[in-house]
Every structure is written in structure tokens, then in C-alpha cells.
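What follows is a set of notes on a single structure, which appears directly below.
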Amino acid sequence: MTFQADLDCWGPAAATLKSAPNQSEAEAYCRQLATSHYENFPLVSWLLPPQLHQHFYNVYAYCRWADDLGDEVGDTARSLELLGWWRAELDRCYAGDASHPVFVALKSTIAEFAIPRAPFSDLISAFEQDQHVREYDTFEQLRDYCRRSADPVGRIVLYLCRQFSEENAAWSDSICTGLQLANFWQDVARDYDIGRIYLPREDYERFGYARTDFDSRAETPAFLALMQFEVQRARTWL
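Take the sequence shown: its letter number 180 is residue 186 in this note's numbering, and every next letter is one higher.
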């Protein structure tokens, strides 16, 4: 099923026309969504104890929907509207009410592991930021984005594994930011093609790489030195 078909079936326009699925149906929906979208789930399932599989499916389904609402709609205003709806559905879930299959399934996960609302909300905030911020002037701005786009996932995993502590969260935040940075640096060309530059302006200008060089994908000595710097910085977070 395409995301648009999912949106037609379970989006806000259909919310008043469909009854909420039961727990078993909601979990089956999340399981199918996770295993059909993420090629590494067979490995994850092998590494995780069986009792955690469904909970990871539920969390993944939440993240998948939020990500698709930000990236797959094709219209900034509509994406922001739908992300606002997703945030409202999250609020309903934490108030004990849910009708969307993701939140019907996620509600039991949140209750069993006492996961706070903040990491789920922070992810929505990052996807909202993607709608209007396409470039970053400083690394601190990029780090703030990573704090909301990557770090929350690690924190949720700590809760699922019953290993959350402030010390563990700090380690997790650092690792998640490092992985996010590594992902950015391997996708510089792809991100530029969709109108995003995650390399901080202060960095590429300091190394002598011009904004116009992105257009020609120029692999100059300045670009190679810049990327060596960024890769090494990512390693320091891991």
C-alpha cells in the first residue's frame, strides 16, 4: 500500500468514517508497516527478545507515519497541517483515547514502558522544521535539529529496554547525533537534489567551498577537506 492510500484510509478525512481497530488489528497493521518498509527489521528481530518485537513495530510505525507526513505529501502547507493533526492524535493517545491504528497499538507500549510524551513530540517538531528550514548556518543549529530528529529515537529505545537513565540518555544522544551526521555526509548530493543542505554554512565557507559549488557537485580539494573534517566530527559523537 502506498502512503497516499494509507492516508486516504487512516488520515484525518477518514477519521470520522471508520471505527477504531481493536488491539490485535492495530498491532497487525504496525507489524506489516514495519516489516514491509524497513529492510533491517529481520536483523532487528533476530537481535531483540521476542517480547519486544511488537513494541518496536509500534514505535517504528509512529515514526514512519510522521516522516511520511513530512516528506511524501508534496506540499509544505499540507504537510504542516497533517503534522499538526498527528500531534493532536499523539495528545489524544496520551489522554487515553486513540482511533488511528498506530496510536491504538502505541498506547499499550507507552503505558507498559512509561514512555514520556517528549521524544514523540520532538520528532514531530523536527519534521515540521524540515518544511521551512532547508539550510543551516551553524553547527549548533544542526545539532539542535539532530536533538529532535535523531536523539528521541535512542531515548525511546532505552525505555523499551528498561535502561533509561540520564547517564544512558546522554550516551544515547551522542551516538544518535553521530549516526545522523554520518547519514547526512553520505547523502550530500541526494539531499541537495531535494533542496536541502545539511553542511553548515560556517563550515563550507571556512574551507573555501562556495555555495555555487553545490550546483556543479564540484569535488574540489576544499570539498574533500571539508568532508574529512565533518566525518571526523561525526566520529567524535559516536
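Glycine residues also receive a C-beta, built at the ideal position from the N, C-alpha and C atoms.
Predicted model only: the values in this text are computed from it and were never measured.
Measuring alpha carbon to alpha carbon, tell me which of V237, F126 and W52 ends up nearest D97.
F126
Cut-off 6 Å between Cβ atoms - residues of its own chain near F220, not counting five sequence neighbours on either side:
Y198
If you reduce the DSSP assignment to three classes, tell me which class I203 lands in.
strand
Would you kindly check if the distance between the Cβ of G201 and the Cβ of R154 is under 8 Å?
no
Extent of the continuous alpha helix (DSSP H) to which N64 belongs
P56 to D77
Name the DSSP bridge partner or partners of E141?
I203
Option in F190, L244, L230 and C167 with minimal Cα separation from P56:
C167
Please say whether I130 and L88 have beta carbons closer to each other than 8 Å?
no
Distance, Cα to Cα, P227 vs Q137?
32 Å
Nearest neighbour of L112, chosen from R149, P27, E172 and W177 [CA to CA]:
P27
Please tell me whether D143 and E78 are closer than 8 Å, where the distance is taken between their beta carbons.
no
CB contact flag (A67, C36, <8 Å)
yes
Terminal residues of the alpha helix (DSSP H) in which R239 lies
P227 to W243
Going straight from the alpha carbon of A120 to that of E95, what length do you get?
18 Å
Output the distance between the C-alpha atoms of P122 and Q10, rounded to the nearest integer angstrom.
30 Å
Are the Cβ atoms of V194 and T115 separated by less than 8 Å?
no
Euclidean distance between Cα positions of Q186 and E134:
17 Å
Going by DSSP, what residue range makes up the alpha helix (DSSP H) through T183?
E172 to Q192
How far does the alpha helix (DSSP H) with Q10 in it extend, from its first residue to its last?
F9 to W16
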